[in-house]
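**Student:** In UniProt numbering, the protein residues as written are 1 to 191.
Ideal placement from N, C-alpha and C gives every residue a C-beta, glycine not left out.
On a predicted model such as this, the values are computed, not experimentally measured, just so you know.
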């Protein structure tokens, strides 16, 4: 695990369920076990063979696969936020996702650039929507606020249960008509 520059002041707000959900998926991606074989990242074919192993940026040995349909190589990391990234840096970011922290604070904590954090958070949000299309897990991401949102925030207001008072409406309408009716004679001028 990557060491952060400052202590985590926000660790009490960590959504441990979200962290565990993502960690399970990351562990499956970086597993050295070649089974189960994923479908081809490039063409979607399930006719996939094992092409050996390679060292990921994190230093872990991960299986390489060869698609027998399109003859292209890929790993489980293709198409995920971990592809081409150090897993330790992503793992340091994951516990912070559920916390309402600014990108500037995370930049200082992890020693990286703010735009890099925004990109990673957006990629993780998009991946969460792939893993869970209901959006339950993605909605729990608070890091970075609206600039890192994938889906627009939905305004939600509870219905107050208000309904029209029909008797009051009838009475007020009748009084208005009585005062402002143009069918009667004009009042006499007092001057």
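Assign residue 115 to one of two classes, buried (16 or more other C-beta atoms within 10 Å of its C-beta) or exposed (fewer than that).
**Tutor:** exposed
**Student:** Please go through the same chain and pick out, in chain order, the residues whose beta-carbon is closer than 6 Å to the beta-carbon of residue 124, but skip the five residues on each side of it.
**Tutor:** 81
**Student:** Using a Cβ-Cβ distance under 9 Å, would residue 105 count as near chain C?
**Tutor:** Looking for chain C here will not work: only one protein chain is present.
**Student:** Is residue 98 near residue 136, with beta carbons less than 9 Å apart?
**Tutor:** no
**Student:** Around the C-beta of residue 5, are 16 or more other C-beta atoms found within 10 angstroms, so that it is buried, or is it exposed?
**Tutor:** Here the model assigns residue 5 a pLDDT of 42, short of 50, so the residue's position is not dependable, and the following value carries that caveat. Classification of residue 5: exposed, given that the 10 Å Cβ count is below 16.
**Student:** Per DSSP, what kind of secondary structure is residue 130 in: helix, strand or coil?
**Tutor:** The answer is helix: DSSP assigns residue 130 an H, G or I state.
**Student:** If contact is defined by three or more beta carbon pairs under 8 Å, each pair taking one atom from either stretch, is the stretch 64-80 in contact with the stretch 36-56?
**Tutor:** Segment contact: the stretch 36-56 against the stretch 64-80, three or more CB-CB distances shorter than 8 Å; contact assigned.
**Student:** Taking the alpha carbon of residue 120 as the reference point, which residue from 18, 83 and 71 has its own alpha carbon closest?
**Tutor:** 83
**Student:** Indicate whether the contact test is met: 3 or more Cβ pairs, each with one atom in the stretch 42-51 and one in the stretch 165-176, closer than 8 Å.
**Tutor:** Judged by Cβ distances under 8 Å, the stretch 42-51 makes no contact with the stretch 165-176, as fewer than three pairs qualify.
**Student:** Quick test of your reading: residue 61 and residue 55, contact by CB under 8 Å. State the CB separation rounded to the nearest angstrom.
**Tutor:** 6 Å
**Student:** Can you look up residue 95 in the DSSP assignment and give me helix, strand or coil?
**Tutor:** Looking at residue 95 - three-state DSSP - the assignment turns out to be helix.
**Student:** Hey, would you say residue 92 sits closer than 9 Å to residue 66, going by beta carbons?
**Tutor:** no
**Student:** Could you tell me which residues DSSP pairs with residue 53 in its beta bridges?
**Tutor:** When DSSP reads this structure, residue 53 sits in a beta bridge with 63.
**Student:** Just to confirm before moving on: does the CB-CB distance between residue 95 and residue 167 stay below 9 Å?
**Tutor:** no
**Student:** What three-state label does DSSP hand residue 30 in the structure shown?
**Tutor:** coil
**Student:** Identify whether residue 196 lies in helix, strand or coil by the three-state DSSP scheme.
**Tutor:** Because the chain is modelled from 1 through 191, residue 196 falls outside the range shown and cannot be assessed.
**Student:** By the three-class DSSP mapping on this structure, what secondary structure does residue 5 have?
**Tutor:** The predicted model places residue 5 with a pLDDT of 42, which falls under 50 and marks its position as unreliable; any figure quoted below should be read in that light. Residue 5: coil per DSSP, three-state reduction.
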